[in-house]
């Protein structure tokens, strides 16, 4: 795993994101499929026992940022899932602002 030292912009993104579940509208499919693909390809479970729609947006963006900062893809499935993380983070931030 890579080092996890968040940048100020990432901390600000998280702090302005609601600490409750958010309806991401048409972006929900992309965001939640990215979460699911990262969990599946890396063998992780980010939010055990919670349906994606129940996850507080702040917790979700924080987790995606941590994964973006620390995961190191080792195969094609991981590279594909990892490559979508930044897009999901940006969508959450856009909806939050």
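In our numbering, the protein residues as written are 344 to 440. Beta carbons are placed, not taken as given, at the ideal position from N, Cα and C, and that holds for glycine.
Rounding to the nearest angstrom, what Cα-Cα distance links residue i and residue j in this structure?
{"i": "residue 424", "j": "residue 364", "result": "23 Å"}
{"i": "residue 409", "j": "residue 385", "result": "14 Å"}
{"i": "residue 402", "j": "residue 356", "result": "11 Å"}
{"i": "residue 388", "j": "residue 394", "result": "12 Å"}
{"i": "residue 378", "j": "residue 400", "result": "12 Å"}
{"i": "residue 406", "j": "residue 422", "result": "18 Å"}
{"i": "residue 413", "j": "residue 350", "result": "13 Å"}
{"i": "residue 426", "j": "residue 396", "result": "22 Å"}
Determine the contact status of residue i and residue j, defining contact as a CB-CB distance below 8 Å.
{"i": "residue 370", "j": "residue 434", "result": "yes"}
{"i": "residue 404", "j": "residue 436", "result": "yes"}
Contact check, residue i vs residue j under 8 Å by CB: the rounded distance?
{"i": "residue 383", "j": "residue 440", "result": "Between residue 440 and residue 383 the Cβ distance is about 29 Å, and since that is not below 8 Å, they are no contact."}
{"i": "residue 398", "j": "residue 411", "result": "Contact flag wrong, Cβ pair sits at about 17 Å."}
Mark residue i as exposed unless 16 or more other C-beta atoms lie within 10 angstroms of its C-beta, in which case mark it buried.
{"i": "residue 353", "result": "buried"}
If you drop the 5 nearest sequence neighbours on each side, which residues of the same chain put their C-beta closer than 7 Å to that of residue i?
{"i": "residue 361", "result": "400, 401, 439"}
Looking only at its chain, what residues have a beta carbon closer than 6 Å to the beta carbon of residue i, apart from the 5 residues adjacent to it on each side?
{"i": "residue 367", "result": "374, 438"}
Spatial neighbours of residue i within its chain, please: C-beta separation below 8 Å, excluding the five flanking residues on both sides.
{"i": "residue 430", "result": "373, 377"}
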